[in-house]
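Position in the sequence shown (from 1) plus 9 gives the number in the working numbering.
Just so you know, even glycine gets a beta-carbon here, dropped at the ideal spot from N, CA and C.
If you're wondering where the values come from, they're calculated on a predicted model, not measured in any experiment.
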Amino acid sequence: MIEIPSDLHKDLVPLAFLLGNWAGAGVHDFPGSEKCNFGQEVTFTHDGRDFLEYHSHSWVLDNDGNKVRPLESEHGFWRIDAERKVEVTMTRDDGVIEIWYGELADQKPQIDLVTDAVARTAASQPYSGGKRLYGYVKSDLMWVGEKQTPEVELRPYMSAHLKKVVTPEDVERWAKALPDDMPDDGIAFFK
């Protein structure tokens with residue numbers, strides 16, 4: 010279910026499907042790095058201004074699905090204009106700052122992004138750009154990332170399948186939104 014908060018900036022309505030807390034798992038595989046399964050938590054929030062704030066934390070998982078150690082963290086800001094062009098500024102824990110541009114697909118909740126600018130600190134690993142695809146599929150958030158370095162051509166390196174995290178406040182809000190004329194036994198509702 011996609012909710013559009015009443016205090017969401019009007020320009021951000023096309024990105025409302027991203028809002029909330031998401032959690033799930035994926036695969037990381039890039040030459041020169043450890044191939045692994047990872048867990049991820051992603052949050053998209055808003056404060057009434059014309060951007061979404063984005064936080065992502067991922068960690069390596071062992072074969073039993075337990076957290077082993079941190080993998081990547083990102084923090085950014087997402088905007089969209091009237092032509093459905095998306096702009097993302099992102100800072101990553103490995104010393105990389107990126108500016109991404111892309112667009113929201115027509116008639117579906119899918120965003121394709123490509124790096125436009127990359128800045129790296131001296132401590133960061135080689136990196137020259139990337140692509141990402143985010144999609145809202147059957148109430149889940151899925152994404153795949155590609156990256157390139159001076160030594161490695163653009164190729165997929167991470168992908169994840171995330172589910173919406175439901176809080177007790179969400180359940181309470183949904184319960185209050187139920188119609189007053191719900192049958193007491195609940196069964197009649199489905200007839």
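Hey, quick one: how far does the beta strand (DSSP E) through P165 stretch, first residue to last? Along the sequence shown, read from residue 1 onward, the residue named residue 165 stands at position 156. Segment 164-173, the beta strand (DSSP E) holding P165.
Give the range of the beta strand (DSSP E) segment to which F47 is assigned. Stepping through the sequence shown from its first residue, residue 47 is reached at position 38. Counting along the chain, the beta strand (DSSP E) containing F47 begins and ends at 45-54.
So what does DSSP say about D59, is it helix, strand or coil? One-based indexing of the sequence shown puts residue 59 at position 50. Note: D59 maps to coil in three-state DSSP.
Taking a contact to mean a Cβ-Cβ separation below 8 Å, would you say H84 touches H55 in this structure? Reading the sequence shown from its first residue, position 75 is the one you call residue 84. Reading the sequence shown from its first residue, position 46 is the one you call residue 55. Taking 8 Å as the Cβ cut-off, H84 and H55 do not qualify as a contacting pair.
Beta-carbon proximity list for D149, same chain, < 7 Å, skipping 5 on both sides: Your numbering for residue 149 matches position 140 in the sequence shown. If we look at D149 and ignore the five residues flanking it on each side, its Cβ neighbours are H170, L171, K172.
If I measure Cβ to Cβ from S3 and keep anything under 7 Å in the same chain, skipping five residues before and after, which residues do I get? Residue 3 is absent from the model: the chain starts at 10 and stops at 200.
Can you tell which of P177, V175, K140 has its C-alpha closest to the C-alpha of L163? In the sequence shown, residue 163 corresponds to position 154, counting from 1. Ranking the options by Cα distance to L163, first place goes to K140.
What span of residues does the beta strand (DSSP E) with V97 cover, start to end? For the purposes of this step, residue 97 is identified with residue 88 of the sequence shown, where counting begins at 1. Start and end: 94-101.
Can you tell me whether E155 is buried or exposed? The criterion is at least 16 other CB atoms within 10 Å of its CB, across all chains shown. Taking the first residue of the sequence shown as position 1, residue 155 is located at position 146. The residue is buried, with at least 16 neighbouring Cβ atoms inside 10 Å.
Using beta-carbon positions only, say whether M99 and E112 come within less than 8 Å of one another. Residue 99 sits at position 90 when you count from the first residue of the sequence shown. Residue 112 sits at position 103 when you count from the first residue of the sequence shown. No; because the gap between Cβ atoms is not below 8 Å, this pair is not in contact.
Taking the C-alpha atoms as reference points, what is the distance between E178 and E12? Within the sequence shown, numbered from 1, the residue matching residue 178 stands at position 169. Within the sequence shown, numbered from 1, the residue matching residue 12 stands at position 3. E178 and E12: Cα-Cα distance of roughly 14 Å.
Could you please give me the residues that DSSP links to P79 through a beta bridge? Locating residue 79 in the sequence shown gives position 70, where the first residue counts as 1. Answer is W68.
Between which two residues does the beta strand (DSSP E) holding I11 run? Residue numbering aside, residue 11 sits at position 2 when the sequence shown is read from its first letter. Per DSSP, I11 belongs to no beta strand (DSSP E) and is neither H nor E.
On the CB-based measure, 16 or more other CB atoms within 10 Å of its CB, does T124 come out buried or exposed? Position 115 of the sequence shown holds residue 124. By the neighbour-count rule (16 or more Cβ atoms within 10 Å), T124 is buried.
What are the residues that DSSP puts in a beta bridge with A34? Against the sequence shown, residue 34 aligns to sequence position 25. BP columns for A34 point to G48, H170.
Rank R129, Y166, A114 by C-alpha distance to the C-alpha of G144 and give the top, closest one. In the sequence shown, counting from the first residue as 1, residue 144 sits at position 135. The shortest Cα separation from G144 among R129, Y166, A114 belongs to A114.
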